[in-house]
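When you line the sequence shown up against the working numbering, it's residues 3 to 394, in that order.
All C-beta atoms, glycine included, are put in the ideal place defined by N, C-alpha and C.
The next block holds one structure in the form of structure tokens; read it before the comments.
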Amino acid sequence: MSNTIPCDLAIVGGGLAGGLIALAFAARRPEAHVLLIEAGQTVGGNHVWSFFDGDVATSDRWLVDPLVAHRWPAGHDVRFPGMARTLTAPYNSITSERFDAQLTAALGDRIMRGMTVSDVGPGNALLSDGRMVVAKAVVDARGGGDLSALSCGWQKFVGQELRLAVPHGLIRPIIMDATVEQIDGYRFVYVLPTGPDTIFVEDTYYSDDAVLDAEAIRARIAAYAKTKGWRVEAVEREETGVLPVVMGGDFGRFWPTDAIAARAGVRAGLFHPTTGYSLPDAVAFATWLTEAWPMDGAALATASRARAKAHWARGGYYRLLDRMLFRAAVPRERWRIFARFYGLSEPLIGRFYAGRSTVYDRLRILCGRPPVPIRSAMRALTDKSITGGTRS
Numbered sequence: 003m004s005n006t007i008p009c010d011l012a013i014v015g016g017g018l019a020g021g022l023i024a025l026a027f028a029a030r031r032p033e034a035h036v037l038l039i040e041a042g043q044t045v046g047g048n049h050v051w052s053f054f055d056g057d058v059a060t061s062d063r064w065l066v067d068p069l070v071a072h073r074w075p076a077g078h079d080v081r082f083p084g085m086a087r088t089l090t091a092p093y094n095s096i097t098s099e100r101f102d103a104q105l106t107a108a109l110g111d112r113i114m115r116g117m118t119v120s121d122v123g124p125g126n127a128l129l130s131d132g133r134m135v136v137a138k139a140v141v142d143a144r145g146g147g148d149l150s151a152l153s154c155g156w157q158k159f160v161g162q163e164l165r166l167a168v169p170h171g172l173i174r175p176i177i178m179d180a181t182v183e184q185i186d187g188y189r190f191v192y193v194l195p196t197g198p199d200t201i202f203v204e205d206t207y208y209s210d211d212a213v214l215d216a217e218a219i220r221a222r223i224a225a226y227a228k229t230k231g232w233r234v235e236a237v238e239r240e241e242t243g244v245l246p247v248v249m250g251g252d253f254g255r256f257w258p259t260d261a262i263a264a265r266a267g268v269r270a271g272l273f274h275p276t277t278g279y280s281l282p283d284a285v286a287f288a289t290w291l292t293e294a295w296p297m298d299g300a301a302l303a304t305a306s307r308a309r310a311k312a313h314w315a316r317g318g319y320y321r322l323l324d325r326m327l328f329r330a331a332v333p334r335e336r337w338r339i340f341a342r343f344y345g346l347s348e349p350l351i352g353r354f355y356a357g358r359s360t361v362y363d364r365l366r367i368l369c370g371r372p373p374v375p376i377r378s379a380m381r382a383l384t385d386k387s388i389t390g391g392t393r394s
């Protein structure tokens with residue numbers, strides 16, 4: 003067995019960001035020899051990724067449309083104490099099972115499963131079995147990395163796919179049901195009707211800490227299903243997660259200039275600062291890389307860091323809102339911020355989730371009587387220990 007494995011592009015990490023790059027290259031750069039290196043036996047892990055139609059540019063839908071396992075053209079609902087609303091934007095979900103199947107069909111044995119990587123450079127990756135992948139360029143897409151340079155709140159959740167004894171009758175997802183008891187920060191339940199008698203229920207918290215009490219949350223999911231009259235026959239699958247909600251930090255420490263390998267996905271900081279969702283940025287990065295190819299590893303490292311730094315700069319407004327949420331609002335009253343937001347125009351809401359808020363949007367979100375105490379809001383906005391810097 004040779005100690006070196008040559009390729010054109012090595013992608014370390016078969017999660018959402020890494021997998022989308024691999025799929026994009028299979029479709030648009032088939033001449034490039036791509037290796038996808040994944041520590042697990044399947045790519046994509048155990049996840050459901052969802053997005054609104056407006057989150058992904060029309061020109062990029064070719065990449066994600068084949069991955070969509072569920073689509074709801076009838077829009078989606080939100081519910082808060084004293085307020086319910088149906089929004090018209092269609093909603094889509096990708097399951098990790100479909101993601102793995104599509105990648106397996108596209109790449110075959112160019113997916114190296116069950117293989118960890120101990121060291122990554124711009125043109126090489128050292129495998130756990132001692133072999134070295136030698137590539138024209140390497141992208142490190144292995145999840146969150148070191149978040150110690152960032153000031154974060156946390157979005158944490160447990161989600162379960164439930165098989166019911168009788169049909170549930172829902173025709174649209176419920177993106178936020180905040181009529182539930184407020185526990186551990188802002189709590190809401192997220193509901194996806196995945197079939198006539200199957201439903202994905204996720205209990206989510208915008209919390210000050212990253213501690214996930216999965217057993218307690220499972221009990222709350224069961225209680226929620228009972229209040230809806232759903233008789234659960236089986237829990238078909240479960241996922242858990244803790245996503246950073248970034249209030250501030252130092253990009254130069256998060257991704258130092260002497261870090262020599264390219265990064266993608268959450269490891270590059272390419273996610274929405276408020277929602278924690280990374281799919282729109284992962285799609286944009288994957289399509290950008292196919293258009294920029296070929297480039298060597300050093301050039302890709304420089305270019306990917308520049309993209310991430312620009313993304314960080316664009317995210318300043320959203321980090322300001324996060325500080326308002328976590329530092330100005332009383333935890334049990336945080337739902338009022340989201341309820342007020344969902345009273346705004348639907349196009350504004352869509353641009354917010356897509357990370358494309360206009361100047362007018364930003365003023366509109368902040369104007370009027372704030373749903374948090376003024377003094378607390380001012381402290382949150384001026385706290386230098388949170389805001390950090392953006393040094394190179």
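Compare the beta carbon distance of residue i and residue j with 8 Å and say whether it is the shorter of the two.
i: Y192; j: F340; result: no
i: D205; j: I177; result: no
i: I113; j: L38; result: yes
i: I262; j: G123; result: yes
i: M249; j: F354; result: no
i: A28; j: A108; result: yes
i: V140; j: G299; result: yes
i: G251; j: A151; result: yes
i: T276; j: Y207; result: no
i: L149; j: A24; result: no
i: G125; j: A91; result: no
i: Q43; j: G116; result: yes
i: L128; j: E348; result: no
i: A266; j: A19; result: yes
i: C154; j: P258; result: no
i: R81; j: T181; result: yes
Since I believe residue j is in contact with residue i (beta carbons under 8 Å), could you give me their beta-carbon distance rounded to a whole number of angstroms?
i: H313; j: L281; result: Contact flag wrong, Cβ pair sits at about 14 Å.
i: A270; j: S306; result: 6 Å
i: S209; j: D179; result: Their Cβ separation, rounded to whole angstroms, is 17 Å, which puts S209 and D179 out of contact at 8 Å.
i: R174; j: A76; result: 5 Å
i: F287; j: R316; result: Incorrect: roughly 14 Å between the Cβ atoms, too far for contact.
Would you tell me roughly how many angstroms separate the C-alpha atoms of residue i and residue j, rounded to the nearest one?
i: E33; j: Y226; result: 51 Å
i: V203; j: E183; result: 16 Å
i: I13; j: D142; result: 6 Å
i: N48; j: M134; result: 28 Å
i: A344; j: M326; result: Checking the sequence, you will find Tyr at residue 344 rather than Ala. About 17 Å.
i: D324; j: T196; result: 31 Å
i: A303; j: L291; result: 12 Å
i: T6; j: A59; result: 39 Å
i: E99; j: D67; result: 15 Å
i: V332; j: R342; result: 15 Å
i: L368; j: F253; result: 25 Å
i: R334; j: F190; result: 12 Å
i: F256; j: K311; result: 10 Å
i: L322; j: H78; result: 27 Å
i: G132; j: D111; result: 19 Å
i: D199; j: V361; result: 44 Å
With DSSP as the reference, label residue i as helix, strand or coil.
i: D10; result: strand
i: I339; result: helix
i: G231; result: coil
i: R30; result: helix
i: P333; result: helix
i: E241; result: strand
i: V168; result: coil
i: D111; result: helix
i: M297; result: coil
i: V444; result: This structure cannot speak to residue 444, because the chain is shown only from 3 to 394.
i: I185; result: coil
i: P2; result: Since the first residue shown for the chain is 3 and the last is 394, residue 2 is missing from the structure and cannot be characterised.
i: L324; result: Just to set this straight, residue 324 is Asp in the shown sequence, not Leu. In the structure shown, D324 sits in a helix (DSSP, three-state: H, G or I).
i: P349; result: helix
Spatial neighbours of residue i within its chain, please: C-beta separation below 7 Å, excluding the five flanking residues on both sides.
i: T289; result: A26, D62, L65
i: F101; result: G21, V45, G46, L69
i: V244; result: W156, K158, A212, L214
i: D10; result: A34, H35, V36, A137, K138
Given residue i, which residues of its chain have a CB within under 6 Å of its CB, disregarding the five upstream and five downstream residues?
i: G146; result: V268
i: N94; result: F53, V70, R73
i: G15; result: A143, R144
i: M297; result: none
i: I201; result: L164, H170, P195
i: T118; result: A41, S130
Got a sec? Which residues, its chain only, sit under 8 Å from residue i by beta carbon, not counting five neighbours each side?
i: A236; result: L164, R165
i: D363; result: L350, R353, F354
i: W295; result: L11, F27, R31, A34
i: V234; result: L164, R165, L166, A167, A224, A227
i: M85; result: A341, Y344, G345
i: S120; result: L128, L129, S130
Is the CB of residue i under 8 Å away from at least one CB in chain C?
i: S150; result: Absent here is chain C; the protein component of the structure consists of one chain.
With respect to 7 Å, is the separation between the Cβ of residue i and the closest non-hydrogen atom of the ligand GTP below this value?
i: Y355; result: Ligands are entirely absent from the displayed structure, and the ligand GTP is therefore not among its contents.
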